[in-house]
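Asker: Below you'll find the structure I mean.
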Amino acid sequence: KQREENLAEKSTALEALSSKLAKYLAPQVYSSIFTGRQDVRIASQRKKLTICFSDIAGFTETTDKMESEDLTQLLNHYLTEMSKIASDHGATIDKYVGDAILMFF
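So that you can map any letter, position 24 of the sequence shown is 30 in my numbering, and since no number is skipped, the others follow by simple counting.
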């Protein structure tokens, strides 16, 4: 009984840690680590990448014409949709800067 409780406790702790790590890792990296398809090791390797940078055309001018709440809603919608597109196509999102998103494949 003690072993079962200990195992359940460790399992819960591992699930919590896994959930926290998921917030900081690209979905592809997280999946490959936790499915066992890839070892966790630090190594360098050259690869050819495709880099995609996307932002909202005329965003600076748009900010002058919109209320902050509406602007926040627009920006959240845009970045959410772009993130979904990136994820659907296997991109890794590098960063968000203002209205821009930088991703690579």
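Ideal placement from N, C-alpha and C gives every residue a C-beta, glycine not left out. All figures in this text were calculated on a predicted structure; none of them were measured in a lab.
1) Over what stretch of residues does the alpha helix (DSSP H) that includes D76 continue unbroken?
2) For S50, which three-state DSSP category applies?
3) Are the CB atoms of A97 and S60 nearer to each other than 8 angstroms?
4) Inspect the beta-carbon positions of T68 and F110 and report whether they are closer than 8 angstroms.
5) The alpha helix (DSSP H) that contains K71, what's its start and end?
6) Return yes when the Cβ of L27 is within less than 8 angstroms of the Cβ of Y36, no when it is not.
7) So which of Y84, R52, S93 has the shortest CA-CA distance to L31?
8) Between the C-alpha atoms of S89 and I62, what's the straight-line distance to the nearest angstrom?
9) Check the DSSP bridge columns for I57 and list the partner residues they point to.
Answerer: By the coordinates alone:
1) Within the sequence shown, numbered from 1, the residue matching residue 76 stands at position 70. Residues 74-94.
2) In the sequence shown, counting from the first residue as 1, residue 50 sits at position 44. Coil at S50, not helix or strand.
3) On the sequence shown, position 91 is the one that residue 97 refers to. On the sequence shown, position 54 is the one that residue 60 refers to. No, they are not a contact pair.
4) Indexing the sequence shown from 1 puts residue 68 at position 62. Indexing the sequence shown from 1 puts residue 110 at position 104. Their beta carbons are not under 8 angstroms apart, which means T68 does not touch F110 by this criterion.
5) Along the sequence shown, read from residue 1 onward, the residue named residue 71 stands at position 65. That run of the alpha helix (DSSP H) goes 65-71.
6) One-based indexing of the sequence shown puts residue 36 at position 30. One-based indexing of the sequence shown puts residue 27 at position 21. Taking 8 angstroms as the Cβ cut-off, Y36 and L27 qualify as a contacting pair.
7) Walking along the sequence shown from the start, residue 31 turns up at place 25. The option with the nearest alpha carbon to L31 is S93.
8) Within the sequence shown, the letter at position 83 stands for residue 89. Within the sequence shown, the letter at position 56 stands for residue 62. Whole-angstrom Cα-Cα distance: 14 angstroms.
9) Stepping through the sequence shown from its first residue, residue 57 is reached at position 51. According to DSSP, which records beta bridges pairwise, I57 is partnered with F110.
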